[in-house]
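In my numbering, the protein residues as written are 1 to 473. A virtual CB, placed ideally from N, CA and C, is assigned to each residue, including glycine. These notes concern the structure reproduced below.
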Ligand code: GLU
């Protein structure tokens with residue numbers, strides 16, 4: 001029987017959720033979903049000094065926003081397993097697979113200096129591997145406190161078939177008996193990652209290629225503990241246009257993209273395309289991606305983050321989503337701008353308002369700006385520009401002519417009836433469309449920046465439209 005696929009995202013709350021982290025989470029999520037598996041979350045908070053509650057919250061908010069929370073809903077903290085980690089250290093000590101090392105800082109320093117002089121690889125030389133009980137006691141009597149080191153095979157090579165990078169081989173002499181528990185009694189990073197991944201039943205470790213150097217160490221932990229190895233997949237970094245990702249490239253916090261008005265759907269689509277492709281498709285829904293994603297098809301070379309491309313995706317998704325979906329994202333921005341929704345306005349937005357403006361928008365604030373007039377009711381505080389339109393010779397009369405005709409229409413007035421009315425009026429008066437359109441737009445919305453008059457009248461309906469025009473008159 002094959003094991004159920006389990007992946008995990010393991011962010012450290014020493015920083016926020018950045019673009020690279022979000023893509024790692026996304027790949028783990030997609031791979032698990034594509035294989036009918038689970039995608040778990042582990043907050044790696046063992047660096048207590050640099051981990052903050054605020055970062056944890058930002059990571060959670062960022063993942064929630066992207067829809068990349070764990071499939072089992074559990075937010076596991078690595079520090080919750082401290083006792084289990086300590087017991088594992090003890091087990092390895094008892095089995096002689098790990099040992100106490102009392103080498104002092106100064107002695108380590110001298111050892112490294114000597115290695116450097118001889119042109120040797122800098123590594124712990126295993127000098128305390130086989131201390132007798134008497135020797136250990138003597139060190140303790142000196143007041144030394146031991147760290148615990150894992151015995152690492154010196155001969156041969158360690159290798160694994162990386163699902164992204166292919167076979168990676170590391171000569172064991174470049175590794176050494178690394179520390180698995182510090183003198184303060186806390187187990188170290190590479191040790192606990194391996195334990196936790198095993199305990200959580202992780203079958204595929206998908207992470208950034210900055211962790212390649214950690215993998216051989218973690219493999220030695222698996223081996224010492226007698227655990228089966230997972231499959232490792234190291235995904236190449238995302239670079240900025242000028243090399244490293246900079247703050248401007250969203251290197252620090254994905255929530256900045258939320259604030260800037262990007263849709264999570266667009267960011268996910270853009271991120272999945274950084275390293276993965278599905279034929280020549282660009283717009284790929286999460287649903288479609290979860291059917292087809294394969295970590296084995298992820299590119300080996302680094303990708304470059306391109307803000308312009310991301311904006312293109314965002315504009316695509318603004319067109320793609322329906323009014324109701326867009327409204328759920330827009331509510332946050334309306335609140336931010338102090339615009340309060342009520343049932344009437346909600347009705348305007350859902351029954352044509354959003355659709356009338358969405359094709360021109362790149363980001364959500366563009367939509368907010370274009371929809372703002374729906375939140376205002378007459379009497380309007382007209383600005384100079386609008387006043388001058390309403391005061392244009394004959395324009396008030398044109399509005400009155402429009403009202404007269406609209407009032408005579410039986411039933412509802414829609415886009416087409418508005419066109420018909422204005423065409424008739426143009427014919428009768430010899431005036432142009434804009435001589436009716438401009439004052440109508442101002443009278444109906446209080447602004448000149450609004451969609452076509454036909455759309456507006458259709459959204460407001462006949463009675464409200466007439467009421468608004470009369471108010472302006
Ligand atoms: N906590 C590590 C990081 O934030 C990830 C560890 C892992 O994925 O194995 O870079």
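Item: Residues sharing a beta bridge with residue 243, DSSP; Value: 240
Item: Simplified DSSP state of residue 39, which is helix, strand or coil; Value: strand
Item: Beta-carbon proximity list for residue 395, same chain, < 6 angstroms, skipping 5 on both sides; Value: 439
Item: Three or more C-beta pairs below 8 angstroms linking the stretch 228–242 and the stretch 155–168; Value: yes
Item: Complete alpha helix (DSSP H) runs within the stretch 352–397 (minimum length 4 residues, chain order); Value: 354–357, 364–371 and 384–390
Item: Any non-hydrogen atom of the ligand GLU closer than 8 angstroms to residue 207 Cβ; Value: yes
Item: DSSP-derived helix/strand/coil call for residue 160; Value: strand
Item: heavy atom of the ligand GLU below 8 angstroms from residue 49 C-beta; Value: no
Item: Cβ-Cβ separation, residue 351 to residue 466 (assumed contact under 8 angstroms), whole Å; Value: Residue 466 to residue 351, Cβ: 18 angstroms. No contact.
Item: Buried versus exposed call for residue 359 [16 or more other C-beta atoms within 10 Å across all chains shown]; Value: exposed
Item: Spatial neighbours of residue 381 in its chain, beta-carbon cut-off 6 angstroms, leaving aside the 5 residues before and after; Value: none
Item: Segment limits, beta strand (DSSP E) that includes residue 171; Value: 166–171
Item: Inter-stretch contact at 8 angstroms, needing at least 3 Cβ pairs: the stretch 258–275 / the stretch 3–14; Value: no
Item: CA-to-CA distance, residue 473 to residue 261, given in whole angstroms; Value: 38 angstroms
Item: Given 8 angstroms, three or more beta-carbon pairs between the stretch 69–78 and the stretch 34–47; Value: yes
Item: Pair within 9 angstroms by beta-carbon distance, residue 313 and residue 283; Value: yes
Item: Reference residue 470; option with closest CA among 428, 454, 435 and 377; Value: 377
Item: Residue 218 classed as buried or exposed, judged by whether at least 16 other C-beta atoms fall within 10 angstroms; Value: buried
Item: Minimum C-alpha distance to residue 211 - residue among 353, 125 and 193; Value: 193
Item: Beta-ladder partner(s) of residue 19, from DSSP; Value: None, per the DSSP bridge assignment.
Item: Any non-hydrogen atom of the ligand GLU closer than 8 angstroms to residue 193 Cβ; Value: yes
Item: Residues sharing a beta bridge with residue 75, DSSP; Value: 41
Item: Simplified DSSP assignment, three categories, for residue 346; Value: helix
Item: Residue 222 versus residue 172: straight-line alpha-carbon distance, rounded; Value: 16 angstroms
Item: Beta-carbon separation (whole angstroms), residue 92 vs residue 224, contact threshold 8 angstroms; Value: 6 angstroms
Item: Residue 280, buried or exposed, once every other Cβ within 10 Å from all chains shown has been counted against 16; Value: exposed
Item: Residue 66 and residue 34 closer than 9 angstroms at C-beta; Value: no
Item: Completely contained beta strand (DSSP E) runs for the stretch 220–305, where each covers 3 or more residues; Value: 231–235
Item: Burial state of residue 379 (16 or more Cβ within 10 Å); Value: exposed
Item: For residue 91, the first and last residue of its enclosing alpha helix (DSSP H); Value: 82–94
Item: Rounded C-alpha distance that separates residue 429 from residue 452; Value: 21 angstroms
Item: Classification of residue 386 by the beta-carbon crowding that lies within 10 angstroms, buried from 16 upward; Value: buried
Item: With 16 other Cβ atoms within 10 Å as the buried cut-off, status of residue 337; Value: exposed
Item: Three-state secondary structure (DSSP) of residue 143; Value: coil
Item: Those residues which DSSP pairs with residue 179 across a bridge; Value: 149
Item: Reference residue 126; option with closest CA among 227, 88, 175 and 83; Value: 175
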